[in-house]
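Report on the structure given below.
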Amino acid sequence: MLHAVLRGPGLVESLGGLGPDKMTGERMDADAALMLQFKEGHEEAFLKLFAKYQAPIINFCFRFCSERTLAEDLAQEVFLRVYRGRGRYRVEARFSTWLYRIAVNVCLNETRKLRKNYGTYSLDQPANDDPDSRVPEFPDENQVLVDDAMVSHQRDERIHRALQTLPDPQRIALVLRIYDEFPYDEIASRMNVSEGKVKTLIFRGRRRLREALEGVL
Amino acid sequence: MDIKKQKTGDHVRDLISAFMDGELPVRQAAAVRRHLDECPACRKEYEALTSVDHLLRGVPAVSPSADFSRNFWKKVNAVETRRSRGLMGLMGILGSWRPVLAAASALVIVVAGSVFLYHSGSDNNDPVMPGIAENMTFYGDYEIVQNLELFENWEEIASLDGI
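Shown next, in the form of structure tokens:
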């Protein structure tokens with residue numbers, strides 16, 4: 025059966041038994057094979073996919089929304105859709121393409137819904153303005169390290185804030201390109217748009233970020 | 201912008217982003233590279249956009265929290281429980297209609313069987329499939345026919361074995 029067609033590092037040659045899937049007879053990635061095993065009832069195959077992709081998907085969501093807890097909720101929603109959608113799964117593209125397409129949809133459609141569960145905060149404002157509750161500052165020999173960490177943290181916050189100023193499609197295209205290093209054709213598949221559109225989205229996103237990060241560059 | 205224009209000194213700002221990503225055809229990429237060597241304005245743009253990429257890549261990745269997996273499986277269980285409750289609810293609704301459904305099924309079987317046997321017996325003299333009027337003993341072997349009078353009482357019909 026499916027196990028018998030596993031060949032080579034990370035690739036599977038499909039020899040049949042996969043139904044009318046488009047990739048039947050072509051080379052299929054190992055993750056798609058795992059997903060098919062899960063579809064057949066092997067839950068351990070899902071566990072492997074979950075372990076492999078949880079960090080990349082959380083980070084994709086985090087870079088999209090800039091909120092850690094929300095990012096984990098979004099990522100859980102992505103895997104929930106994979107879990108529940110196993111019966112309808114067909115190998116029509118690489119597994120990761122399918123997974124990221126779900127992640128893009130979840131980020132675009134669920135963020136507003138899920139964000140209501142969290143208190144909104146402004147990145148422009150300090151976390152706590154109450155002077156009585158400020159932690160007193162004592163300079164010590166580690167102060168330089170602490171300062172470095174603070175500068176680094178503030179810079180990261182500024183970058184997250186700048187990313188949030190981009191329209192959703194520009195942000196998604198840029199995140200997929202810069203962090204996940206996908207080529208334009210794969211980004212186009214994941215976003216369900218043309219390659220030309222991806223090129224424009226990334227170009228405009230970079231220019232906009234350049235303006236937003238003027239003082240940091 | 202085509203390559204000819206770029207060679208004559210036009211700026212290549214629109215192509216810099218795709219150039220950075222290695223997404224231009226070889227000849228076009230070579231033309232952009234040559235232009236960047238000669239044009240300070242475009243080179244400045246290229247350096248600024250490259251710095252943006254460096255800044256973005258410098259933001260550290262996050263690791264899944266300790267609760268991520270546990271919370272995910274909680275959600276899976278909640279969804280599966282909701283789903284099975286929904287199925288049970290549907291079965292409950294169907295169950296409350298059971299007497300009516302049973303009676304309707306029995307009626308359909310009897311009517312369809314009668315029509316079939318009537319037609320098959322009307323134009324031949326097959327001794328194995330006789331007509332309705334002459335062969336009530338044949339139909340009488342079926343329990344539902346023996347209890348036709350119970351159609352006036354749904355509860356009793358529903359309690360018949362096999363329905």
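Here the protein sequences come in this chain order: A and B.
Quick note on numbering: the numbering used here labels position 65 of the first sequence as 89, and the sequence is numbered without any gaps.
Quick note on numbering: the numbering used here labels position 82 of the second sequence as 282, and the sequence is numbered without any gaps.
Every residue gets a Cβ at the ideal spot worked out from N, C-alpha and C, and that includes glycine.
Could you compute how far the alpha carbon of PHE9/A sits from the alpha carbon of GLN178/A?
Residue coverage of chain A in this structure runs from 25 to 241, which leaves residue 9/A outside it and unanswerable.
Please state whether the Cβ-Cβ distance between ARG234/A and VAL252/B is less than 9 Å.
Numbered from 1 along the first sequence, position 210 holds the residue referred to as residue 234/A. Numbered from 1 along the second sequence, position 52 holds the residue referred to as residue 252/B. It is a contact, given that the beta carbons lie within the stated cut-off.
Tell me where the alpha helix (DSSP H) around LEU215/B begins and ends.
For the purposes of this step, residue 215/B is taken as residue 15 along the second sequence, with counting starting at 1. Unbroken alpha helix (DSSP H) run through LEU215/B: 213-220.
Got a sec? Which residues, its chain only, sit under 7 Å from ALA99/A by beta carbon, not counting five neighbours each side?
For the purposes of this step, residue 99/A is taken as residue 75 along the first sequence, with counting starting at 1. Excluding sequence neighbours, ALA99/A sits near GLN78, ILE81, ILE82, CYS85.
Closest to ILE183/A by C-alpha separation, out of ASP172/A, GLU238/A, ARG108/A, would be which residue?
For the purposes of this step, residue 183/A is taken as the residue at position 159 of the first sequence. Taking only the C-alpha atoms, the option nearest ILE183/A is GLU238/A.
How far does the alpha helix (DSSP H) with PRO80/A in it extend, from its first residue to its last?
As a working note, residue 80/A is residue 56 in the first sequence. Its alpha helix (DSSP H) spans residues 67-89.
Is any heavy atom in the ligand MG found nearer than 8 Å to the beta carbon of ARG112/A?
Within the structure as shown, the ligand MG is missing, as the structure has no ligands at all.
Nearest-angstrom Cα separation, counted from GLU247/B out to ARG110/A
Indexing the first sequence from 1 puts residue 110/A at position 86. Indexing the second sequence from 1 puts residue 247/B at position 47. C-alpha separation (whole angstroms): 46 Å.
In the stretch 253-271 of chain B, which residues sit with their C-beta less than 7 Å from some C-beta in chain A, listed in chain order?
ASP253, LEU255, LEU256, ARG257, VAL259, ALA261, VAL262, SER263, PRO264, SER265, PHE268, ASN271
Against chain A, does ALA248/B count as a neighbour if the rule is that its beta carbon must be under 9 Å from one of theirs?
Indexing the second sequence from 1 puts residue 248/B at position 48. At least one chain A Cβ lies under 9 Å of ALA248/B.
Please tell me whether GLU223/B has its Cβ less than 9 Å away from any Cβ of chain A.
For the purposes of this step, residue 223/B is identified with residue 23 of the second sequence, where counting begins at 1. At least one chain A Cβ lies under 9 Å of GLU223/B.
For ALA231/B, go through chain A and note every residue whose CB falls closer than 8 Å to its CB, in chain order.
Stepping through the second sequence from its first residue, residue 231/B is reached at position 31. Correct list: empty, because the minimum Cβ distance to chain A is about 17 Å.
Considering only C-alpha positions, which residue in the set ARG227/B, ARG243/B, ALA306/B, ASN277/B is nearest to VAL212/B?
Indexing the second sequence from 1 puts residue 212/B at position 12. That would be ARG243/B, whose Cα lies nearest to the Cα of VAL212/B.
Taking Cβ positions only, does SER217/B come closer than 9 Å to chain A?
The count along the second sequence starts at 1 and reaches residue 217/B at position 17. It does: the Cβ of SER217/B has a partner Cβ on chain A nearer than 9 Å.
Quick one, are the C-beta atoms of ARG214/A and TYR107/A less than 9 Å apart?
As a first step, residue 214/A must be located in the first sequence, where it is residue number 190. As a first step, residue 107/A must be located in the first sequence, where it is residue number 83. Cβ atoms of ARG214/A and TYR107/A: not closer than 9 Å.
I'd like the span of the alpha helix (DSSP H) that includes PHE62/A, first residue to last.
Your numbering for residue 62/A matches position 38 in the first sequence. Element bounds for PHE62/A: 54-63.
Measuring straight from C-alpha to C-alpha, what distance separates ARG231/A and THR93/A?
Here residue 231/A refers to the residue found at position 207 when the first sequence is read from its first residue. Here residue 93/A refers to the residue found at position 69 when the first sequence is read from its first residue. Distance between the alpha carbons of ARG231/A and THR93/A: 29 Å.
Contact list for the stretch 100-112 of chain A against chain B, Cβ threshold 9 Å
GLN100, GLU101, PHE103, LEU104, TYR107, ARG108
Does PRO193/A come out as helix, strand or coil in the three-state DSSP assignment?
As a position in the first sequence, residue 193/A is number 169, starting the count at 1. PRO193/A falls in the helix class under three-state DSSP.
If contacts are defined as beta-carbon pairs under 8 Å, then VAL199/A and PHE62/A qualify, I think. What distance do you get, rounded to the angstrom?
Translated into the one-based positions of the first sequence, residue 199/A becomes position 175. Translated into the one-based positions of the first sequence, residue 62/A becomes position 38. Not a contact, Cβ separation roughly 27 Å.
Distance, Cα to Cα, GLU205/A vs VAL222/A?
Stepping through the first sequence from its first residue, residue 205/A is reached at position 181. Stepping through the first sequence from its first residue, residue 222/A is reached at position 198. Distance between the alpha carbons of GLU205/A and VAL222/A is about 13 Å.
Contacts that LEU73/A makes with chain B (C-beta to C-beta distance below 7 Å):
Against the first sequence, residue 73/A aligns to sequence position 49. Correct list: empty, because the minimum Cβ distance to chain B is about 12 Å.
So is VAL300/B in contact with chain A if we call contact Cβ pairs under 9 Å?
The residue labelled residue 300/B in the question sits at position 100 within the second sequence. No, VAL300/B lies away from the interface with chain A (no Cβ there is under 9 Å from its Cβ).
Should ILE309/B go down as buried or exposed, given a rule of 16 or more other Cβ atoms within 10 Å for buried?
Residue mapping note: residue 309/B aligns to position 109 of the second sequence, counting from 1. Exposed: under 16 other Cβ atoms inside 10 Å.
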